[in-house]
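Following: one structure in structure tokens, then a few remarks.
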Amino acid sequence: MKTKTTWAAATSIALILGNSVTADPSNVEHVTEGLIAAGMAVELDDHCGDVKVRLVRGINFLQGLQRDLEDLGYSDAEIDQYIDNDVEKARLEGIARERLNALGVRTGDPATYCAVARAQIAQGTQVGRLLR
């Protein structure tokens, strides 16, 4: 199924590139928020045929989050440990979906995904910048 496969791939990439704080990932709020935004963009792409994730922009964005963590002193080992944290991955996915629901997305109604995606693009949000 495209949704699960794409979401899993995006969250794996995001976790690989994005957040190394194993005990409490919210310690680096802008990284956590970036991962949530990336997840929201992928979810919108999965359910709205009118938008697509900007793959190169997304990779660059996630690499920037990784550089931020490295600048803060997080090690490759910490990043690797966090990648395997399925509980954190599920938590971030849940937050992304809750935020989309709060913006008007309704499961099973692709038009709501498209409306939210277009609004995010028009508003220039981080989610919108990851879409085209």
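Residues -23 to -1, 1 to 109 in mature numbering (1 follows the signal peptide of the UniProt record, and there is no 0) are what the sequence shown spells out, letter by letter.
Quick reminder that beta carbons are idealized off the backbone N, C-alpha and C, glycines included.
Source: prediction; values computed, not measured.
task: Have a look at Leu32, Tyr51, Val28 and flag the residue whose alpha-carbon is nearest the alpha-carbon of Val8.
output: Tyr51
query: Do you know offhand how far Arg109's Cα is from Arg95's?
result: 9 Å
query: Leaving out five residues before and five after Met17 in sequence, what residues of the same chain have Cβ atoms less than 7 Å from its Cβ?
result: Ala73, Arg76, Leu77, Val104
field: Per DSSP, the bridge partner or partners of Val30
entry: Leu108
message: Using only the alpha-carbon positions, how far apart do Glu6 and Pro87 sit?
response: 30 Å
- request: With a cut-off of 8 Å on the beta carbons, I'd call Gly11 and Leu42 a contact; round off their distance for me.
  value: 5 Å
- prompt: Cα-Cα, which of Asp61, Leu69, Leu32, Asp27 is closest to Ile13?
  reply: Leu69
task: Would you decide whether Gly35 is buried or exposed? Buried here means 16 or more other CB atoms lie within 10 Å of its CB.
output: buried
query: From Cys25 to Arg31, what does the alpha carbon distance come to, in whole angstroms?
result: 14 Å
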